[in-house]
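Novice: The structure follows.
2 protein chains.
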Amino acid sequence: MSKVKKIVTLKRISEECGVSTTTVSRVLSGQATQYRIKKETEKIVKKMAKKLNYVPNQLARGLRLKRSFSIGLVLPDIANPFFATIAKNISIEAHKLGYSLLLSDSQDDTKIEINSINYMKNRVVDGFIVCPVGQQFDHFLNFFDQGEKMVIVDRYFPDLNCPSIISDNYKGVIEGIDYFIENGHSRIGFIQGELNNSVNDERIQGYKEALNKHNIPLNDSLIIGDSFGERNGYISTKLLLHRSPRVTAIFASSNLISLGALRAISEEGLKIPDDISLISFDDQPYSDLLNPPMTTIIQQKEEIGKLAFKLLMDQINTKEIIKTQVIVMPTKLIKRKSVKRINEY
Amino acid sequence: MSKVKKIVTLKRISEECGVSTTTVSRVLSGQATQYRIKKETEKIVKKMAKKLNYVPNQLARGLRLKRSFSIGLVLPDIANPFFATIAKNISIEAHKLGYSLLLSDSQDDTKIEINSINYMKNRVVDGFIVCPVGQQFDHFLNFFDQGEKMVIVDRYFPDLNCPSIISDNYKGVIEGIDYFIENGHSRIGFIQGELNNSVNDERIQGYKEALNKHNIPLNDSLIIGDSFGERNGYISTKLLLHRSPRVTAIFASSNLISLGALRAISEEGLKIPDDISLISFDDQPYSDLLNPPMTTIIQQKEEIGKLAFKLLMDQINTKEIIKTQVIVMPTKLIKRKSVKRINEY
DNA sequence: TCAATTTGCACAAACGTTTACAAAAAATAA
DNA sequence: TTATTTTTTGTAAACGTTTGTGCAAATTGA
């Protein structure tokens, strides 16, 4: 017995009920009253639809309506809890409104990012939410001009006229570095992520400003690293720890970087916070379970996800062009036990 | 200036080139040689397509072909690294073959799961990969009989004739409990997940078998809990810790459970492994960074994801019905520092 | 030169919806 | 009775593809 996918269509229902597909369509899309379908007819059609377990074909629907009630989400790494949380909240919101979510993991590769977006464009998604891999944005430019709806998350391109949502990287880092300084630290290593991208730039600015505020001379060699990944965290930490005089504190500018840092510090046989203090950007469920519980800058991931979806819907549901906006989400310093109070001044 | 999404169609290209849409379609779908299109014509068409930046409308294509080159993925919580990793690998494989991935987070709610699947069905996905929420599977039954292609991950329903992939929960737990016993433990608490589901059942069976093997009498009251979530881990651990005599070891049957357990243990002011030993099912990137590094049962998440996709493709690409198979992926015990050697016998 | 073959391409239908337009049937008015 | 209005439903085109079929034009063979 070979299973055959037998689709129930409007036509099928219309035949069973002895009415036209038009009528069926109108009934089933809730336009019965508007088009003055007889109550009797409406009931019959609905009953048959239920009986046959009818589900509308969104492909056909999308083709006709020129919209698909689905959106695309492209992000660098869904296994990174930061992005996963954002994705989760987008999925939840989308589901509420009956939207489907097309997901693509760009694997930190701009080529795949571009590719994914093109695939999705083919699928006539109604809009995009993108967490861009890096600093490249030419592919968005062109794209955006073609009238595609889009929201950029966790990155900001001043030259791109597109609504964006980012955390307050600048203030977030300042708060962290301030806290280091308040605790007597002045030799503070900063492990940065991807070079030349807005997020990284803002965080570095924060670092510099915090030092400046407290009249601590900037030592460029203490800013190190080139990626938001764990490997960079590991390597950069190793390097920082072998500087002499050694840094007394390290600011890890991502959750993955701090993971690598933790590994390196542990390998070097050093103890946090006695031998080295650590603060990480982006709080994680395990942050307070580490030894010692790690001081982190918390980001409003859930809200970022929800907001991104909302911003996209706003674009989709308006005819007029929405004034481009950049939403900056506040961060918060969670003080735990990974920063030691020292007397070095 | 209002942006208008101007779509480039086959028709448009055909007009520009002075040929029929048929020809354009054939050229662009790589059937030029097969249909003996003149090299010259082919070149012109391709050039124009590129010039106009043509992307085929997959909605129209899907409608005509009755397949969409997209698959649906439904899972209980994309923010859980276990599922996120599976999702990532599915996304990667799908992308390689030009498939799109529809994602839905069912939020551990069977109603949403069912709903999501229906949405996706409307979208004519070519198949499904589902990590079911719980023990309910009626909705799959019906569904599967209609000829939908599907793969079940991380759960197994003996009564459902559907290819499935699970970790070797039974052996995995046995290995863990064995290790506890080898280290002198005999009062071992087991924090279980969702009741009455295959994964949980298998893990409990493993627990019982391991004890039995070593002639340790089973104490049912040491099996506790009702969900794979963190909250249950926390509560159950609290309860276990207040038993007297106290358990010397706890087996947490999920990554989230162990997170909760860690929190509870820390709150109680107890030290791992001195006061209590702990093993967790499912390794995480931070597992070895905890204090102490946590002994875990590692699951082949990447392979599970890749395999799930492959299994689905096998179904999609064959006419014959594939013999239902359950693939059991081996697990491995990673011994770290969360189990204490005690002399209690 | 003419038939047979090959080459190159187009026509038209189909996929399952939605919707502008309009028509038939019923009810009401005159 | 006939004209008018209201109620209820239907016809057909369109969305952008793919593809079975068929038909010219060009080429070849005799």
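Going down the list, the sequences are from chains P and L.
Following the working numbering, the numbering of the first sequence begins with 42 at its first residue and continues without gaps.
Following the working numbering, the numbering of the second sequence begins with 42 at its first residue and continues without gaps.
From the three backbone atoms N, C-alpha and C, an ideal C-beta is built for every residue, glycine too.
Select from the stretch 301-324 of chain P all residues with a C-beta closer than 8 angstroms to any C-beta belonging to chain L, and list them in chain order.
Specialist: The stretch 301-324 of chain P vs chain L, Cβ under 8 angstroms: Leu303, Arg304, Ser307.
Novice: Check the Cβ of Ser239 of chain L against every Cβ in chain P and list those closer than 8 angstroms, keeping chain order.
Specialist: Chain P residues near Ser239 of chain L: none, gap ~24 angstroms exceeds 8 angstroms.
Novice: Leu282 of chain L: buried (16+ other C-beta within 10 angstroms of its C-beta) or exposed?
Specialist: Flag for Leu282 of chain L reads buried.
Novice: Would Ile127 of chain L and Asp195 of chain L qualify as a contact pair, given that the criterion is a beta-carbon distance under 9 angstroms?
Specialist: Cβ atoms of Ile127 of chain L and Asp195 of chain L: closer than 9 angstroms.
Novice: What are the residues in the stretch 156-188 of chain L lying within 9 angstroms of chain P by C-beta distance?
Specialist: Listed by position, the residues of the stretch 156-188 of chain L near chain P (Cβ gap below 9 angstroms) are Asn156, Ser157, Asn159, Tyr160, Met161, Lys162, Asn163, Arg164, Val165, Asn183, Phe185, Asp186, Gln187, Gly188.
Novice: Between which two residues does the beta strand (DSSP E) containing Gly213 of chain L stretch?
Specialist: Note, Gly213 of chain L: premise wrong, no beta strand (DSSP E); alpha helix (DSSP H) at 210-223.
Novice: By the 8 angstroms beta-carbon criterion, what residues does the stretch 188-208 of chain P contribute toward chain L?
Specialist: Against chain L - using a Cβ distance shorter than 8 angstroms - the residues of the stretch 188-208 of chain P are Gly188, Glu189.
Novice: If you measure from the beta carbon of Gln99 of chain P to each beta carbon in chain L, is any gap under 9 angstroms?
Specialist: Yes, because at least one Cβ of chain L sits closer than 9 angstroms to the Cβ of Gln99 of chain P.
Novice: Nearest-angstrom Cα distance between Leu100 of chain L and Asn163 of chain P?
Specialist: Roughly 8 angstroms between the two C-alpha positions.
Novice: For Val96 of chain P, return the contacting residues in chain L, with the cut-off set at a CB-CB distance below 8 angstroms.
Specialist: What Val96 of chain P touches in chain L: Asn159, Lys162, Asn163.
Novice: If you reduce the DSSP assignment to three classes, tell me which class Lys373 of chain L lands in.
Specialist: DSSP places Lys373 of chain L in strand when its eight states are reduced to three.
Novice: Whose Cβ in chain L lies nearer than 9 angstroms to the Cβ of Asn332 of chain P?
Specialist: Those are Leu330, Leu331, Asn332, Pro333, listed as they occur along chain L.
Novice: Measuring alpha carbon to alpha carbon, tell me which of P:Lys212, P:Ala293, P:Ile383 ends up nearest Ser277 of chain P.
Specialist: The candidate whose alpha carbon is nearest that of Ser277 of chain P is P:Ala293.
Novice: Can you give the Cα-Cα distance for Arg244 of chain P and Asp329 of chain L, rounded to whole angstroms?
Specialist: Cα-Cα distance, rounded: 28 angstroms.
Novice: Can you give me the Cβ contacts of Thr336 of chain L inside the same chain, cut-off strictly under 6 angstroms, excluding the 5 residues immediately before and after it?
Specialist: These residues qualify, in order along the chain: Ile320, Lys376, Arg377, Ser379, Val380.
Novice: May I ask you to report which of helix, strand or coil DSSP gives His103 of chain L?
Specialist: A small correction: the amino acid at residue 103 of chain L is Gly; His does not occupy that position in the sequence shown. In this structure, Gly103 of chain L counts as helix in the three-state DSSP scheme.
Novice: Below 8 angstroms between beta carbons is the criterion; list the residues of the stretch 128-155 of chain P that meet it against any residue of chain L, in chain order.
Specialist: So the list reads Ala128, Lys129, Ser132, Ile133, His136, Gly139, Ser141, Leu142, Leu143, Leu144, Ser145, Asp146, Gln148, Ile153, given in the order they occur along the chain.
Novice: Between Glu271 of chain P and chain L, is any beta-carbon pair separated by less than 9 angstroms?
Specialist: Interface residue, yes.
Novice: Quick check on the burial criterion: 16 or more other C-beta atoms within 10 angstroms. Buried or exposed for Tyr140 of chain L?
Specialist: Buried, because 16 or more other Cβ atoms sit within 10 Å of the Cβ of Tyr140 of chain L.
Novice: If the criterion is Cβ atoms closer than 9 angstroms, does the pair Phe169 of chain P and Ile155 of chain P meet it?
Specialist: No, they are not a contact pair.
Novice: Could you tell me which residues DSSP pairs with Ala290 of chain P in its beta bridges?
Specialist: For Ala290 of chain P, which the question treats as bridged, DSSP gives the partners P:Ile229, P:Ser318.
Novice: Apart from the five residues just before and just after Asp267 of chain L, which ones in its own chain have a Cβ nearer than 8 angstroms to its Cβ?
Specialist: Hits under 8 angstroms: Gln233, Gly234, Glu235, Leu236, Asn273.
Novice: Could you tell me whether the stretch 197-205 of chain L touches the stretch 251-267 of chain L, using the rule of 3 or more Cβ pairs below 8 angstroms?
Specialist: No, they do not touch.
Novice: Starting from Gly103 of chain P, find everything on chain L with Cβ-Cβ shorter than 7 angstroms and list it in chain order.
Specialist: By Cβ distance, chain L contributes Leu100.
Novice: Apply the 10 Å Cβ neighbour rule to Met42 of chain L and answer buried if 16 or more other Cβ atoms are within range, or exposed otherwise.
Specialist: Low local confidence applies: a pLDDT of 37 at Met42 of chain L is under 50, so the model's placement there is unreliable, with the coordinate-based value given in what follows. So Met42 of chain L counts as exposed.
Novice: Using the C-alpha atoms, what's the distance from Leu297 of chain P back to Ser239 of chain P?
Specialist: About 18 angstroms.
Novice: Could you tell me if Leu106 of chain L is buried or exposed, where buried requires 16 or more neighbouring beta carbons within 10 angstroms of its beta carbon?
Specialist: With fewer than 16 Cβ atoms within 10 Å of its Cβ, Leu106 of chain L is classed as exposed.
Novice: Beta carbon of Pro97 of chain P, beta carbon of Pro326 of chain P: below 9 angstroms?
Specialist: Contact: no.
Novice: Would you call the CB atoms of Met191 of chain P and Leu353 of chain P closer than 9 angstroms?
Specialist: Against a cut-off of 9 angstroms, the Cβ pair of Leu353 of chain P and Met191 of chain P comes out as a contact.
Novice: Name the DSSP bridge partner or partners of Leu143 of chain P?
Specialist: Note: Leu143 of chain P sits in a beta bridge opposite P:Gly113, L:Leu143.
Novice: At which residue ranges does the stretch 316-358 of chain L contain complete alpha helix (DSSP H) runs of 4 or more residues, listed in the order of the chain?
Specialist: Correct list: 342-357.
Novice: Looking only at its own chain, which residues have a Cβ that is under 8 angstroms from the Cβ of Tyr386 of chain P, when we skip the five neighbours before and after it?
Specialist: Caution applies to Tyr386 of chain P, whose pLDDT of 46 falls short of 50 and renders its modelled position unreliable; the value that the coordinates give is listed next. Excluding positions up to five away in sequence, the list reads Gly225, Ser227.
Novice: Check each candidate in P:Val369, P:Phe178, P:Val49 and name the one with the smallest Cα separation from Lys342 of chain P.
Specialist: Measuring from the Cα of Lys342 of chain P, the nearest candidate turns out to be P:Val369.
Novice: Could you spell out the range, first to last residue, of the alpha helix (DSSP H) harbouring Gly310 of chain P?
Specialist: Taken as a continuous stretch (DSSP letters only), Gly310 of chain P belongs to no alpha helix (DSSP H), as it is neither H nor E.
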